[in-house]
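Since the structure comes first, as structure tokens, the remarks are kept for the end.
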Amino acid sequence: MSGFGSSLSPTAPKSTTDHVLPSPDTMDGISSVQWSPTSNTLAGSGWEGNTRIWEVQVQPPSGMGGSVAQWHTVPKSESTGHTGPILDSAFSSDGRFVFTASADKTVRMWDLSSNGNATTQVGSHDNPVKAVGFVKDKNLVVSGGWDKMLKFWDCRSPQPAGTFQLEERVYAMDIRGSVLALALAGKKISIYSLGGNIKQELSMDSPLKYQSRCIAVFPDQTGFAVGSIEGRCAIQYFQQKPGVAENFAFRCHRQDLNNKTESLVHSVNGLAFHNFGTFSTVGGDGVVNFWDKDSKQRLKVFESVGESITTASFNAQGNIFAYAKSYDWSKGSG
Numbered sequence: 003m004s005g006f007g008s009s010l011s012p013t014a015p016k017s018t019t020d021h022v023l024p025s026p027d028t029m030d031g032i033s034s035v036q037w038s039p040t041s042n043t044l045a046g047s048g049w050e051g052n053t054r055i056w057e058v059q060v061q062p063p064s065g066m067g068g069s070v071a072q073w074h075t076v077p078k079s080e081s082t083g084h085t086g087p088i089l090d091s092a093f094s095s096d097g098r099f100v101f102t103a104s105a106d107k108t109v110r111m112w113d114l115s116s117n118g119n120a121t122t123q124v125g126s127h128d129n130p131v132k133a134v135g136f137v138k139d140k141n142l143v144v145s146g147g148w149d150k151m152l153k154f155w156d157c158r159s160p161q162p163a164g165t166f167q168l169e170e171r172v173y174a175m176d177i178r179g180s181v182l183a184l185a186l187a188g189k190k191i192s193i194y195s196l197g198g199n200i201k202q203e204l205s206m207d208s209p210l211k212y213q214s215r216c217i218a219v220f221p222d223q224t225g226f227a228v229g230s231i232e233g234r235c236a237i238q239y240f241q242q243k244p245g246v247a248e249n250f251a252f253r254c255h256r257q258d259l260n261n262k263t264e265s266l267v268h269s270v271n272g273l274a275f276h277n278f279g280t281f282s283t284v285g286g287d288g289v290v291n292f293w294d295k296d297s298k299q300r301l302k303v304f305e306s307v308g309e310s311i312t313t314a315s316f317n318a319q320g321n322i323f324a325y326a327k328s329y330d331w332s333k334g335s336g
């Protein structure tokens, strides 16, 4: 985890405020880290099929004397119930529940107020479930799967409250306010409106040439960012201002070789927007970048952590940035 600082640097410094959370040696590849919207409670889910909860407290550095942030993290509990890898997770709007999507084709709910580790199945798909989220205004869980289905769930009913047939398999999903964005196989992007009757507002091809890996909606809900396996990210607005070229794509998570005549390309594994509208990208090169889409510039880049970073997230206050480093399967299972 890192503190989100205000200083800018054109170099690649090693973060001095990172803190490694205590975790068991049995923890497998990490697919999702998510913050509670109401507290500094962090959920981390992974390929061993469990979700772990930590309570995080941090005292920021004081003054200019070279002091560093003081961290206090407490492992709280670990869930059970899934029989396959967890591919995504999400909190309810009140922070009481954690929802998980799994390769075992189920969506499960963990009640953190129960002080137990058992989870309850609240949804299912015909194929692995790749993404899960929570729709605050409708109090519904939403899941997207490799069965090309988008499903909405009322946790009180075993049957979906709504279903949508998709063009392709779901690779990534993000929800911000009344906007739901999906990155699908076949380089397809699908946008749904969650206000009033849920409906698809936009279907388009990705502005990037290669497979989408992650997607994130702008904080003001005017567009989205999408990252690909080819080390590129695109900024896309739903409606462009007349005469203004707001949409653009840029290279990231690449290493120049041989006097910049060749590049070692890494996947963009995660996108996360800060409340201010700036955002982060993390990738297979183990690098964290912070960007400003409005000024079209990189604010800061950190030295590689030496292993792929698979996912990242800002806390609700925007002063703590959590990321996970683990194998991202880019080189297969061998």
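Start counting at 1 in the sequence shown, then tack on 2, and there's your number in the numbering used here.
Ideal placement from N, C-alpha and C gives every residue a C-beta, glycine not left out.
{"query": "Those residues which DSSP pairs with T75 across a bridge", "result": "V58"}
{"query": "Segment limits, beta strand (DSSP E) that includes V284", "result": "281-285"}
{"query": "Residues that DSSP places opposite G197 in a beta bridge", "result": "Answer is none; G197 lacks a bridge partner."}
{"query": "Of the listed residues A247, G288, G320, G86, nearest to N129 (C-alpha basis)", "result": "G86"}
{"query": "Nonlocal neighbours in the same chain, by C-beta distance under 6 angstroms from V35, ignoring five residues either side", "result": "G46, T313, S315, A324, A326"}
{"query": "Collapsed DSSP secondary structure at A187 in the structure displayed", "result": "helix"}
{"query": "Closest by C-alpha distance to Q213, when choosing among I193, C235, Q202", "result": "C235"}
{"query": "Within 7 angstroms, strictly: CB atoms of G164 and S180", "result": "no"}
{"query": "Strand pairing of D207, partner residues [DSSP]", "result": "K190"}
{"query": "Stretch pair the segment 122-142 + the segment 96-111: three plus CB contacts closer than 8 angstroms", "result": "yes"}
{"query": "Residue range of the unbroken beta strand (DSSP E) whose run includes S332", "result": "Where S332 is concerned, there is no enclosing beta strand (DSSP E), given that its DSSP letter is neither H nor E."}
{"query": "Per DSSP, cross-strand counterpart(s) of Y239", "result": "G225"}
{"query": "Neighbour-count burial assignment, N52, 16 or more Cβ in a 10 Å radius", "result": "buried"}
{"query": "Proximity to F278 [Cα-Cα], best of K295, L23, F166", "result": "K295"}
{"query": "Sub-7 angstroms separation of H255 and H268 beta-carbons", "result": "yes"}
{"query": "Under the three-state DSSP convention, the category L114 falls into", "result": "helix"}
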